[in-house]
Amino acid sequence: MIRTIILNTILSATILVCLFLAKKTFSLNIDGFFFLAPLFYFIIYTVQNMLLNMRNISPSMFVAFYNLSTFLKLALSALFLISYYIFFATNLDNQEKLCFSVFFISLYFIYLIANTIITFLNRNEKK
């Protein structure tokens, strides 16, 4: 459990620092939602980790709960992206919307891959 939280913290901090440096160094037009996206995924994966490790559950229940939580992460991510389009991106051009969408979806897969690997590599460790 601790390793997953550390992984998510390091991953989120690294992404935020890279965004900040890219904005300052290359004078890119990076709005606040680019900085909000890693925090969104940090919170989602931290909550999932805490729920998966709350109590000892059977392997079949773990798989079922893991699949359910993965579906909920996907649904919440889609809701975040849809909300961004409806409420905040109305005055942006298509290139800026596309750039954020690619960034957001890339983050989804980066966090998914990293957390899946760490979850199943450390499944037998003591909590």
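With the first letter of the sequence shown counted as 1, position 43 gets the number 195 in this note's numbering; the numbers rise by one all the way through. From the three backbone atoms N, C-alpha and C, an ideal C-beta is built for every residue, glycine too.
Open item on the list: On the criterion of 16 or more Cβ atoms from any shown chain inside 10 Å, does Phe272 qualify as buried, or is it exposed?
Closed with: Against the sequence shown, residue 272 aligns to sequence position 120. The residue is exposed, with fewer than 16 neighbouring Cβ atoms inside 10 Å.
Task: Cβ shell of Asp245 (< 7 Å), same chain only, five flanking positions each side left out - done: Residue numbering aside, residue 245 sits at position 93 when the sequence shown is read from its first letter. Cβ-Cβ distances below 7 Å link Asp245 to nothing in the same chain once the five nearest sequence neighbours on each side are left out.
- [ ] Could you name each continuous alpha helix (DSSP H) segment of 4 residues or more that falls completely within the stretch 164-231, going from the start of the chain to the end?
- [x] 184-204
Task: Cβ-Cβ distance between Ile196 and Leu228 below 8 Å - done: What you label residue 196 is simply residue 44 of the sequence shown in a count that begins at 1. What you label residue 228 is simply residue 76 of the sequence shown in a count that begins at 1. In this structure, Leu228 lies closer than 8 Å to Ile196 by Cβ.
TODO: Taking all protein chains shown into account, decide if Phe239 is buried (16 or more other Cβ within 10 angstroms of its Cβ) or exposed.
DONE: Taking the first residue of the sequence shown as 1, we reach residue 239 at position 87. Its Cβ having fewer than 16 others within 10 Å, Phe239 is exposed.
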